[in-house]
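Notes to accompany the following structure.
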Amino acid sequence: MRAVPFTHVADSRDWLGALRRYFVFSAIAHLIWEFAHMPLYTIWLTGTPGEIVFAAVHCTGGDILITLSAFFLPLLLFGRPTWPKTHAPRVLLAALIFGVGYTIFSEWLNIEIREAWAYRDLMPVIPVIDAGLSPILQWVVIPTAAYSYALGWWPWRQRALETSHG
C-alpha cells in the first residue's frame, strides 16, 4: 500500500499557525480595546475599580467567543482546503460582516432592551443604528489587523522577506 500525499495541504501555507496567530492577536487586542474604551461607558463613573476590571475582562471573554463564531462560520462557508493561500479576502470580508452585524445586534439588545450597560455622552453614536462608534470600529479594526498579522499581509514584513531572499 502506498501513501498518497495531500498536495493541496502541503502546498498551502501553515493554516494552523495562521489560526493560532489570529486568535492570540485578537484576544490581546480585544483586552486592550476593552480597557481603552471603558471611559466611554457609564461604568467608568459609577463602577468601582474592581467592577471596571471585571467588566473589561468579562467583555473580552465575550469578544473571544464572537471572534471564534465570526471567524469559523465564514471559514466553513467560504474557506477552501488551500486556505489561507486562497480565498483569504473572502473569509475576512465575511468575518467582518458577521462580527459587525452581531455587534450592532448586541449593542441594541444590551443597551435598549436589557439595559445591561450604557454609553456616556463621550461615546460617538452612529445615527440610524444607534450603536456606539467604538464597538463597531473594534469589530472592523481588530479582525482586519489580526487577519493581516496571521497571514503575513504586513507591508514592512513583505519588504523584509524580499530583501532577505532577493
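Here this note's numbering is used: the first residue of the sequence shown is 3, the next is one more, and so on. All C-beta atoms, glycine included, are put in the ideal place defined by N, C-alpha and C. For clarity, every value in this text was computed on a predicted model and none was experimentally measured.
- The beta carbons of Tyr24 and Phe100 sit about 14 Å from each other, so the pair does not count as a contact at 8 Å.
- Inter-segment contact for the region 118 to 126 and the region 27 to 47 is present: three or more beta-carbon pairs are separated by less than 8 Å.
- Collapsing the DSSP output to three states places Ile131 in coil.
- Annotation for Ala118: Asn112 place their beta carbon closer than 7 Å to its own, counting only its chain and skipping 5 residues before and after.
- Taking the Cα of Trp17 as reference, the smallest distance to any Cα among Arg82, Cys61, Phe107 is reached at Arg82.
- Listed as beta-bridge partners of Tyr121 by DSSP are Tyr43.
- Contact annotation: Pro86 and Ala20 have beta-carbon atoms nearer than 8 Å.
- Contact between Ser28 and Ile144 is confirmed by a C-beta separation of about 6 Å, below the 8 Å threshold.
- The residues Phe80, Gly81, Arg82, in chain order, have a CB closer than 7 Å to that of His89 in the same chain once the five nearest residues on each side in sequence are set aside.
- For Trp110, the uninterrupted alpha helix (DSSP H) run begins and ends at 90 to 110, by DSSP.
- A Cβ-Cβ contact shorter than 8 Å links Ala57 with Gly49.
- Inter-residue distance for Cys61 and Ile54 is about 10 Å (C-alpha atoms, whole angstroms).
- Collapsing the DSSP output to three states places Pro86 in coil.
- Taking the CA atoms as reference points, Arg116 sits about 43 Å from Thr84.
- Under a 10 Å Cβ-count criterion, Gly134 is classified as buried, with 16 or more other Cβ atoms of the shown protein chains found around its own Cβ.
- For Val93, same chain residues with a beta-carbon under 6 Å away, outside a window of 5 residues either side, are Pro76, Leu77, Phe80, Gly81 in chain order.
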